[in-house]
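Participant: Before anything else, here's the structure in question.
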Amino acid sequence: MFSTAARTLHVRHLRGPVANRAAALAGAAGAAALFHNTSTSSFRSTAAMAEATDSSKTAFSPKEFRDFPLREIEDMTHNVRRFRIGLPSEEHVMGMKTASCIVVKGKGKDGSVAVRPYTPTTTNDTKGHFDLVIKVYPEGNVSSHLFSLKVGDTVAVKGPFPKFDYSPNVKKEIGMIAGGTGITPMLQVLQELLLNPEDKTKVTLLFANVTAADIMLKAEIDKLAAEHDNFDVVYVVDKAEEGWTGATGHVNASLIETHLPKPSGDSVIFVCGPPGMMNAISGPKNEDKSQGEIGGVLKALGYTSDMVYKF
0 MFSTAARTLH VRHLRGPVAN RAAALAGAAG AAALFHNTST SSFRSTAAMA
50 EATDSSKTAF SPKEFRDFPL REIEDMTHNV RRFRIGLPSE EHVMGMKTAS
100 CIVVKGKGKD GSVAVRPYTP TTTNDTKGHF DLVIKVYPEG NVSSHLFSLK
150 VGDTVAVKGP FPKFDYSPNV KKEIGMIAGG TGITPMLQVL QELLLNPEDK
200 TKVTLLFANV TAADIMLKAE IDKLAAEHDN FDVVYVVDKA EEGWTGATGH
250 VNASLIETHL PKPSGDSVIF VCGPPGMMNA ISGPKNEDKS QGEIGGVLKA
300 LGYTSDMVYK F
């Protein structure tokens, strides 16, 4: 039901140069200014549509947790599931903007309450339901809780919590570096950008995983790349099997220099992934979830804090 036929894309040459709850807000100020709306486009983005939606049809609230019914569960990989969660009616929408997240509440193994931020993978204007694509971690209280649920159970959600305000055509190019589940906020931005026919921003995604079998949302990503000339994706796996035609190893300076936009005021690099990857590529965020200093490979290549956003 969820999957979409698409051609497979691997390494391609580009056509030009190229929270926890309120804590998720902490690093947003600089990026919000970076993406201040200077576009005169008549296209109504999903963010604008969400804002214009009747508030009585907005399902989420940043002030309280609300329970929503779990409608469907799909196994995507050996440790990743897609959860389709119902909204109060077929006319309700999430009420989210790009880029923002929600917080899901679950029970820890010791019975304590645990919360974790997630980014829905459905477009912001989808009516009647939303999807969460989640990887289970042995030590993850919320992911383990969600994996224990069955259809008909409820999921407690609070939000949305904005990260930055994306507007079309503010930057000429966007480079994305994602690892594992770090793809979900990237997909939110991609959908907002690519489904707007007047947004001409060029985007390139470096998507790193351990094996090809670990690649989440590949059909959706491939479909976007096949349908939009301003989007390229490079898949990178650490352990390649015979027949793999993408990049192998880890995201490094060479891959970034080859595929992503050079340091410039006309471009920005988004980074999201596990802590080890963040440390190596961009440097970590601060403990309060603010952006922190730029470090790692991106700093060595000359990128500055106003050219990088860490999810």
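In numbering that gives the first Met the number 0, the protein residues as written are 0 to 310. Note that beta-carbon positions come from the ideal geometry of N, C-alpha and C, so glycine has one too.
Suppose contacts are defined by Cβ-Cβ distances below 7 angstroms. Is residue 266 in contact with residue 307 by that definition?
Facilitator: Not in contact: residue 266 and residue 307 (Cβ atoms no closer than 7 angstroms).
Participant: Opposite residue 276 in the DSSP bridges: which residues?
Facilitator: According to DSSP, which records beta bridges pairwise, residue 276 is partnered with nothing at all.
Participant: Once DSSP output is grouped into helix, strand and coil, what is the label at residue 314?
Facilitator: Summary: the structure shown does not reach residue 314, with the chain confined to residues 0 through 310, and so no result is reported for it.
Participant: Closest by CA to residue 121, which one among 85, 163 and 162?
Facilitator: Minimum Cα distance to residue 121 is reached at 85.
Participant: Between which two residues does the beta strand (DSSP E) holding residue 99 run?
Facilitator: Residues 99-106.
Participant: Quick one: using the 10 Å Cβ neighbour count with 16 as the cut-off for buried, is residue 79 buried or exposed?
Facilitator: Residue 79 is buried by the Cβ-count criterion.
Participant: Pair every Cβ in the segment 144-155 with every Cβ in the segment 60-69, then say whether three or more of these pairs are closer than 8 angstroms.
Facilitator: Cβ pair count under 8 angstroms is three or more, so yes.
Participant: Between which two residues does the beta strand (DSSP E) carrying residue 214 extend?
Facilitator: That residue, residue 214, is in no beta strand (DSSP E); it is neither H nor E in DSSP.
Participant: Which first and last residues belong to the alpha helix (DSSP H) in which residue 257 is found?
Facilitator: Residues 252-258.
Participant: Kindly indicate which three-state DSSP category residue 209 falls into: helix, strand or coil?
Facilitator: Correct three-state label for residue 209: coil.
Participant: Considering only DSSP beta bridges, list what residue 70 is partnered with.
Facilitator: The partner list for residue 70 (beta bridge, DSSP) is empty, contrary to what the question assumes.
Participant: Leaving aside the five residues before and after residue 158 along the sequence, list all residues of the same chain whose C-beta is less than 6 angstroms from its C-beta, in chain order.
Facilitator: Only 59, 61, 101 and 102 meet the Cβ criterion.
Participant: Looking only at C-alpha atoms, which of 162, 126, 178 and 300 sits nearest to residue 288?
Facilitator: Of the listed residues, the one whose Cα sits closest to residue 288 is 162.
Participant: So, with DSSP's three-state summary, where would you put residue 221?
Facilitator: Residue state, collapsed to three classes: helix.
Participant: Assuming contact is defined by CB atoms lying nearer than 7 angstroms, are residue 188 and residue 98 in contact in what I supplied?
Facilitator: Going by C-beta atoms, residue 188 is nearer than 7 angstroms to residue 98.
Participant: Would you mind working out which of 166, 269, 81 and 228 sits nearest residue 132, comparing C-alpha positions?
Facilitator: It is 81.
Participant: Would a check of beta-carbon distances place residue 150 closer than 7 angstroms to chain B?
Facilitator: Protein chains in the displayed structure number just one, and chain B is not present.
Participant: Applying the 10 Å Cβ sphere with the 16-neighbour rule, what's the burial state of residue 246?
Facilitator: Its Cβ being crowded by 16 or more others within 10 Å, residue 246 is buried.
Participant: How is residue 175 classed by DSSP in three states: helix, strand or coil?
Facilitator: DSSP places residue 175 in strand when its eight states are reduced to three.
Participant: Candidates 238, 207, 242 and 273: which alpha carbon is nearest residue 351's?
Facilitator: Any property of residue 351 remains undetermined from this structure, which presents the chain solely from 0 to 310.
Participant: Taking one C-beta from the segment 226-237 and one from the segment 138-149 each time, how about it: are there three or more such pairs within less than 8 angstroms?
Facilitator: At 8 angstroms Cβ cutoff, the stretches do not touch.
Participant: Decide yes or no for the touch test of the segment 103-112 against the segment 182-200: beta carbon pairs closer than 8 angstroms, at least 3 of them.
Facilitator: Not touching, per the Cβ criterion.
Participant: May I have the straight-line CA-CA distance separating residue 294 from residue 278, to the nearest angstrom?
Facilitator: Distance between the alpha carbons of residue 294 and residue 278: 7 angstroms.
Participant: Answer with buried or exposed for residue 181, where buried requires no fewer than 16 other C-beta atoms within 10 angstroms of its C-beta.
Facilitator: By the 10 Å Cβ count, residue 181 comes out buried.
Participant: Decide if residue 203 is buried, meaning its Cβ has at least 16 other Cβ atoms within 10 Å, or exposed.
Facilitator: Result: buried.
Participant: Can you give me the C-alpha to C-alpha distance between residue 259 and residue 93, rounded to a whole angstrom?
Facilitator: If you take the alpha carbons of residue 259 and residue 93, they lie about 32 angstroms apart.
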